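Residue numbers (the numbering used here), protein chains in the order written: chain L, 3 to 234; chain W, 19 to 258. Note that beta-carbon positions come from the ideal geometry of N, C-alpha and C, so glycine has one too. Small disclaimer: the values here were computed from a predicted structure and weren't measured.
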Amino acid sequence: VTNLGELAGAFVELADTMVDEFDTVDFLDTLAHRSMALLGGTSAGVMLTDHDEQLKIVASSDQRMHAVELMQLQATEGPCLDAFRTRASVLARLDESRERWPLFTPSAHDSGYQVVCAFPLRLRRQTLGALNLFRAEDRLPDPGEAMLGQALADVATIGLLQERAVRESTILAEQLQRALSSRVAIEQAKGMLAERHGIDLQLAFDTLRRRARDTNQTLSDIARQVVGNRGR
Amino acid sequence: MPIDRRQQVVDALRGVDGAWGAPETLASRLCDFCLERVRARGAAVSVLSNHDVVAVIASSGNLVADFVEAQSRYQSGPSIEAARSGVAVLEPDLAGRGLLRWPRLVTDPAASRVAGAYAFPLAYGAVSIGLLDLVTGRDDRELSADQVALALTVSEVAFEGLLWLQSGRANDDLSPTIASSGEQSWVIHQAAGMVAVQLDVAVTDALQALRDEASARRRTVGDLAEAVVSRQFSFAESGA
């Protein structure tokens with residue numbers, strides 16, 4: 003790595019996930035392009051697991067890379083899958099990989115690559131996916147480059163997990179607020195119906211429930227309507 | 019030690035059956051922690067919707083409960099301001115500076131035994147879901163910077179704890195723990211519904227009428243709401 007400024011810029015950019023318009027695909031595209039530039043890759047791509055724990059392609063620097071990533075998934079073998087399974091980085095020359103990946107190796111070779119690297123996106127017990135970096139030039143990364151590749155993957159992982167945690171908290175907090183406001187509306191509506199019809203609160207609640215069922219609406223929607231109409 | 023602070027709170031809350039312990043006692047364990055470790059005289063946890071306190075789900079005793087109730091009756095005080103602004107409101111000297119800020123509240127008997135009041139929003143960013151209220155008594159010193167810092171940490175943990183209580187529920191489905199802990203507050207909303215019909219006004223005005231009437235009769239809103247719901251008191255008959 004020659005340009006320290008570029009290196010610093012990459013780390014800051016990958017740490018900055020606390021923005022309103024955060025987009026996972028854009029973020030991983032940045033990771034792919036920054037790694038290519040810093041580590042001298044020909045192509046780069048990122049795979050992430052979805053909620054079924056299946057790896058999916060999220061970013062590819064070019065069509066050729068995308069095709070090879072797809073090939074890895076179809077053949078269920080290749081550097082990205084190994085990095086994901088073993089949680090360790092993979093650095094390999096294709097000339098020496100025919101036994102390791104009999105399907106992947108000829109296909110990647112045909113696409114013009116000589117060296118394939120993959121860095122797991124992992125933090126403590128979680129593994130989210132892996133970063134792929136392929137070279138047309140037949141030169142393995144030196145130890146410093148390998149460390150840098152994993153460091154970029156690590157900081158991106160922390161950024162992703164933080165963004166997920168914040169998004170989940172925000173969603174849950176908004177759900178709690180809605181649930182509370184619904185609960186208040188239901189209690190108010192019970193009181194209104196009880197007073198309007200001279201019935202007890204239990205019967206008022208049963209009335210609300212029946213109305214919700216009969217009109218195919220939620221209890222809280224019915225309750226809000228009752229409150230808006232003051233029990234009429 | 020700032021690094022240990024969060025762990026200290028989490029460890030104290032940890033129960034035998036997992037990281038958060040039994041859900042139904044979580045809020046009261048938060049209050050206990052504030053008494054034992056923050057050394058507050060009273061602590062209460064309430065939940066908010068649209069920046070209003072809609073239910074008190076735990077309190078350590080009458081001192082803080084009465085103070086929180088009086089604030090809700092007057093819609094004035096540190097908790098009300100913290101709920102509306104989403105920012106902690108700390109007033110160690112209620113009888114002094116507090117009197118100028120909240121004169122009606124501070125002259126209410128419910129506030130007479132409270133020396134200082136500290137209201138911490140349970141919030142992340144713009145979303146506030148609750149409040150942690152701490153009070154000191156007449157014989158207590160004001161909370162130190164360290165105590166306030168620890169209380170802030172408790173409020174962060176309490177925010178996560180409330181989300182944990184709500185997690186896994188469908189939309190609009192309130193956590194049964196929060197629902198049952200807030201039982202006494204739901205009566206107030208039922209009564210507000212009844213009063214809205216009695217006075218033919220919007221429910222927010224009915225709630226305000228309940229608060230004013232309670233103040234005029236030197237009763238708590240909860241008490242008056244119970245009387246309304248059990249039909250021992252009606253705004254239609256009283257001509258209020």
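With a cutoff of 8 Å on beta-carbon distance, Leu-30(L) and Val-60(L) are scored as near each other.
Secondary structure of Arg-232(L) (DSSP, three-state): coil. For the stretch 152-183 of chain L, residues whose beta-carbon sits nearer than 9 Å to a beta-carbon of chain W comprise Val-168, Glu-170, Ser-171, Thr-172, Leu-174, Ala-175, Glu-176, Gln-177, Leu-178, Gln-179, Arg-180, Ala-181, Leu-182, Ser-183.
When the five nearest sequence neighbours on each side are left out, no beta carbon in the same chain lies closer than 7 Å to the beta carbon of Glu-178(W). Residue-level contact by beta carbon holds for Ser-67(W) and chain L, with a gap shorter than 8 Å. Proximity of chain L to Asn-189(W) at the Cβ level (cut-off 8 Å) is accounted for by Gln-177, Arg-180, Ala-181, in chain order. Fewer than three beta-carbon pairs drawn from the stretch 115-126 of chain W and the stretch 68-78 of chain W are found closer than 8 Å, and the two stretches are therefore not classed as touching.
Counting only runs of 3 or more residues that sit fully inside the stretch 61-109 of chain W, the beta strand (DSSP E) segments are 70-77, 107-109, in chain order. In its chain, beyond the 5 residues on either side, Leu-192, Ser-193, Ile-196 have a beta carbon closer than 8 Å to the beta carbon of Gln-184(W). When C-alpha distances from Asp-84(W) are compared across Leu-225(W), Val-247(W), Gly-60(W), the shortest belongs to Gly-60(W). For Leu-150(W), the enclosing beta strand (DSSP E) has its first and last residue at 145-155.
For the alpha helix (DSSP H) assignment, the uninterrupted runs of no fewer than 4 residues enclosed by the stretch 90-153 of chain L are, from N- to C-terminal side, 106-112. As the crow flies, the alpha-carbon of Leu-150(L) is around 12 Å from that of Cys-119(L).
For the pair Arg-187(W) and Asp-97(L), the Cα-to-Cα distance works out to about 54 Å. Between the alpha carbons of Leu-93(L) and Asp-22(W) lies a gap of roughly 40 Å. In this structure, the beta-carbon distance from Gly-104(W) to Ser-173(W) does not fall below 8 Å. Here Gly-179(W) carries a helix assignment [DSSP, helix/strand/coil]. Under DSSP, Phe-138(W) shares a beta bridge with Leu-150(W). Non-local C-beta neighbours of Phe-13(L) in its own chain, meaning closer than 7 Å and more than five positions away in sequence, comprise Val-157, ordered along the chain. Per DSSP, the beta bridge partners of Thr-51(L) are Leu-57(L). Secondary structure at Val-70(L): helix, using DSSP grouped into helix, strand and coil. By the neighbour-count definition (other C-beta atoms within 10 Å, threshold 16), Arg-198(L) is a buried residue. Taken through DSSP and simplified to helix, strand or coil, Val-132(W) comes out as strand. Using a Cβ-Cβ distance cut-off of 8 Å, the stretch 66-85 of chain L and the stretch 99-113 of chain L are in contact, since at least three pairs of beta carbons, one from each stretch, lie closer than that value.
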